[in-house]
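Right, one structure below, let's go through it.
Number of protein chains: 2
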Amino acid sequence: MELASEKPITNADRTFYQLRKDIVEGVIEAGSKLSETELSTKYSVSRAVIREAINRLMSCHLVERKANVGARVVALTLSGLAELYQVREALEGMAARQAARSMPEAEIAELQILMNDHFERVKSGDTYYQEAGDVDFHYRIILGSKNQHLISILIDGLYHLVRMYRVQLGMAGPRVTTAYDEHRNIVQAIANRDEELAELLMRRHILYSRNNIENKLRLSPSTL
Amino acid sequence: MELASEKPITNADRTFYQLRKDIVEGVIEAGSKLSETELSTKYSVSRAVIREAINRLMSCHLVERKANVGARVVALTLSGLAELYQVREALEGMAARQAARSMPEAEIAELQILMNDHFERVKSGDTYYQEAGDVDFHYRIILGSKNQHLISILIDGLYHLVRMYRVQLGMAGPRVTTAYDEHRNIVQAIANRDEELAELLMRRHILYSRNNIENKLRLSPSTL
DNA sequence: CTTGTTTTAAGTGTCGACAATTTAGCCCTT
DNA sequence: AAGGGCTAAATTGTCGACACTTAAAACAAG
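Residue numbers (the working numbering), protein chains in the order written: chain A, 239 to 462; chain B, 239 to 462.
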C-alpha cells in the first residue's frame with residue numbers, strides 16, 4: 239500500500255516504510271525479535287536509522303520495546319483483534335459522521351466515481367478489490383472527516399495494524415460483493431449529508447467485517 | 239503530572255518526560271522551534287537522545303517536524319482545540335462505555351473512594367482539584383476500559399495535548415463543582431453497569447468542558 | 001534600489017565507536 | 001545433581017564527528 243502523502247525523504251523514512259511493509263506482510267513474522275545490528279546489515283543502513291524506524295513502528299503499535307532488552311514485532315491475538323476493531327468502530331464511525339458534515343462536494347463526487355470503478359472490478363471478480371479497494375474506500379472517508387487528529391490516529395496509527403491482521407490471517411474470502419454494497423450505502427448517506435446514518439452504517443460495516451474475520455478464525459484455528 | 243506506569247529508565251526517557259513537561263507547561267512556548275544542538279546542551283545529553291525524545295513528542299502530536307528543516311512545537315489554535323475535543327468526545331465516550339462493561343468491582347470501589355476525596359477538596363475550595371483531580375478521574379476511566387489501544391491513544395497520545403491547551407489557556411475558572419457533579423454521575427452509571435448512560439454522560443461532560451474553554455477564549459482574546 | 005545568483009553558515013541526517021546493561025554460560029558451593 | 005553467584009559475550013544506549021541539505025548573507029547585474 240502506498241499513500242500519496244508518504245514520500246520518503248530521508249533514509250530513515252525509506253527504512254521505516256520498508257520495515258513496516260515487511261512486518262505487515264509477514265516477511266518479518268509476528269512476535270519475532272528485531273535485532274538492531276542484524277537489521278542494520280540487512281537493510282544497509284546504520285543502527286541510528288534502524289532505531290529511528292523502530293521508534294516510529296512503536297508509535298504504530300506494530301512493535302513493542304523493552305528498555306535495554308530490545309524490540310519485538312507485536313503478536314497477533316484474538317483479544318487484540320477484538321480491541322482493535324472496537325476502537326475502529328468508534329473512530330471510523332465518527333469519521334463517517336464528520337465526512338457527512340465536512341466533506342466537500344467535489345470530494346464526494348470523486349468518491350462516487352471510485353465506487354463505480356469498484357463496481358466494475360467486483361463484477362469482473364477482481365480479487366484486487368478485497369484488499370486495496372477496501373483500504374482505499376476507508377482511507378477516503380477518513381480523509382473526508384477533515385479532522386487532523388482522527389486522520390493521524392487512523393492512518394498513521396491503526397490502519398497498518400488492521401492490514402497486518404487481514405493479510406496474515408488470509409482474508410480473501412467472499413465478503414466482497416456484500417462489502418461493496420455496504421460501501422455504496424455509506425457513500426450515499428454521506429452524499430445526503432445524513433450524519434446519523436453515515437455513522438450507523440459505518441459502525442455496522444466494521445462490525446460485520448469483524449464478525450467475518452472472527453468466524454474465519456473459528457473455522458481454521460490458524461496459529462493464534 | 240506523573241503517571242504510575244511512566245518510570246524513566248534510560249536517559250532518553252527522562253529527557254522525553256522533561257521536554258514534554260516543559261512544552262505542556264509552556265516553558266518552551268507553543269510554536270517555537272526546537273533546535274537539536276541547543277536542546278542537547280540545555281538538557282546535557284547528546285543529540286541522539288534529543289532526537290529520540292523529539293520523535294516521541296511527534297507521536298504525541300506535541301511537535302511537528304519537517305525533514306531537513308527541524309521540529310517546532312505545535313501551535314495552539316481554535317480549530318485544533320475543536321478537533322481535539324471532538325476526538326476526545328468519541329474516544330472517552332467509548333472508554334466510559336467499556337469501563338461500564340469491563341471495570342472490575344474493586345476498581346470501581348477505588349474510584350468511588352477517589353470521588354469522596356475529591357468531594358472534600360471541592361468543599362474546601364482546593365484549586366488542586368481542577369487540574370490533577372480531573373486528570374486523575376479521566377485517567378481512571380480510560381484505564382477501566384481495559385482496551386489497550388484506547389488507553390494508548392488517549393494517555394500516550396491525546397492527553398498531554400489536552401493538558402497543554404488547558405494549562406496555557408489558563409483554565410482555573412469555576413467549573414469545578416459542576417464538573418464534580420458530572421464526574422459523580424458518570425461513576426454512578428459505571429457502577430450500575432449502564433453502558434449507554436455512561437457514554438452519554440461522558441460525551442456530554444466533555445462537550446460542556448469544551449464549551450467552557452471556548453467561551454473563555456471568546457471573552458479573553460488570548461494569543462490565538 | 002531591486003532582483004537573481006553565489007557563497008557561506010547553521011542545522012539536520014547519518015555513521016562508527018564506546019559505555020552500560022542484560023542474558024547466557026560457566027564455575028563453585030552445598 | 002541442584003542452586004546461586006560470577007564471568008563473558010552479545011545487545012542496547014549514548015556519544016562525538018562527518019556528510020548533506022536548507023536557509024540566510026553577501027554579492028553582482030539590471
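For each residue, glycine too, the CB sits at the ideal point set by N, CA and C.
Given a threshold of 16 other Cβ atoms within 10 Å of its Cβ, counted over all protein chains shown, does residue i qualify as buried or as exposed?
i        : result
Glu290/A : buried
Glu327/A : buried
Gly269/B : exposed
Leu257/B : buried
Glu420/B : buried
Ser383/B : buried
Arg285/A : exposed
Leu457/B : exposed
Ile451/B : buried
Ile444/A : buried
With respect to 7 Å, is the separation between the Cβ of residue i and the closest non-hydrogen atom of the ligand ATP below this value?
i        : result
Arg359/B : Here there are no bound small molecules, and the ligand ATP is not part of this structure.
Starting from the Cα of residue i, find the closest Cα among the options and give me that residue.
i        : options                                   : result
Arg335/A : Glu274/A, Ile424/A and Leu457/A           : Ile424/A
Thr248/B : Ile288/B, Thr275/B and Lys280/B           : Ile288/B
Leu314/B : His398/B, Leu438/B, Ala436/B and Arg441/B : His398/B
Ala320/B : Phe375/B, Tyr446/B and Arg252/B           : Tyr446/B
Val400/B : Asp419/B, Ala286/B, Ser284/B and His376/B : His376/B
Asn385/B : Leu316/A, Val283/A, Val325/A and Arg303/A : Val325/A
Lys280/A : Asn306/A, Leu295/A and Thr253/A           : Thr253/A
Lys454/B : Leu316/B, Met353/B and Leu396/B           : Leu316/B
Asn306/B : Asp251/A, Arg303/A, Glu274/A and Met296/A : Asp251/A
Arg422/A : Gly408/A, Lys259/A and Asp355/A           : Asp355/A
Met341/A : Gly318/A, Ile351/A, Leu381/A and Arg303/A : Leu381/A
Ser297/A : Ile444/B, Asp394/B, Leu439/B and Arg442/B : Asp394/B
Leu439/B : Glu348/B, Asn450/B, Leu457/B and Ala417/B : Ala417/B
Arg442/B : Arg456/B, Leu329/B and Gly408/B           : Leu329/B
Leu396/A : Glu276/B, His387/B and Asn450/B           : His387/B
Closer than 8 Å by C-beta to residue i: which residues in its own chain qualify, once you throw out the five before and the five after it? Chain order, please.
i        : result
Leu272/B : Ile266, Ile292, Val301, Gly308, Ala309, Arg310 and Val311
Tyr255/A : Glu244 and Pro246
Gln350/A : Val425 and Ala429
Ser278/B : Ser284, Arg285, Val287 and Ile288
Leu352/A : Asp374, Phe375 and Arg378
Ala242/B : Because Ala242/B sits at a pLDDT of 48, beneath the cut-off of 50, its placement in the model cannot be relied upon, and the following sentence gives the value as read from the coordinates. Excluding sequence neighbours, Ala242/B sits near nothing in its chain.
In chain order, what residues of the same chain have a beta carbon less than 7 Å from the beta carbon of residue i, not counting five sequence neighbours either side?
i        : result
Val405/A : Val262, Glu263 and Gly264
Glu433/B : Arg335, Ala338 and Arg339
Arg448/B : Tyr323
Ile346/B : Ile428 and Ala429
Gly496/A : Absent from the model: residue 496/A. The displayed extent of chain A is 239 to 462, so no value can be given.
Excluding the 5 residues preceding and the 5 following residue i in the sequence, name in chain order all residues of the same chain whose CB lies nearer than 6 Å to its CB.
i        : result
Met402/A : Val262
Ile379/B : Ala333, Ala334 and Ala337
Glu437/A : Gly331, Ala334 and Arg335
Leu435/B : Ala427
Asp260/B : Ile266
Gly408/A : none
Arg431/A : Ala338
His299/B : Leu399
Secondary structure, alpha helix (DSSP H): runs of 4+ residues fully inside the stretch 274-305 of chain A: 274-280 and 285-297
Ranges of the alpha helix (DSSP H) found wholly within the stretch 404-452 of chain B, counting only runs of at least 4: If only uninterrupted alpha helix (DSSP H) runs of at least 4 residues are considered, those enclosed by the stretch 404-452 of chain B are 414-429.
Residues of the stretch 304-327 of chain B whose Cβ lies closer than 8 Å to any Cβ of chain A, in chain order: Ala305, Asn306, Gly318, Glu321, Leu322, Gln324 and Val325
In chain order, each alpha helix (DSSP H) run of at least 4 residues that lies wholly inside the stretch 341-380 of chain B: 343-361
Under 8 Å (Cβ pairs) to chain B, residues found in the stretch 272-294 of chain A: Ala286, Arg289, Glu290, Asn293 and Arg294
Residues of the stretch 244-268 of chain B with Cβ closer than 8 Å to any Cβ of chain A, in chain order: Ile247, Thr248 and Asp251
Positions along the stretch 386-398 of chain A whose CB lies within less than 8 Å of some CB in chain B: Gln386, His387, Leu388, Ser390, Ile391, Gly395 and Leu396
Proximal residues, the stretch 344-366 of chain A versus chain B, C-beta separation under 7 Å: none
Residues within the stretch 431-457 of chain A neighbouring chain B, beta-carbon criterion of under 7 Å: Per Cβ criterion, the list is empty.
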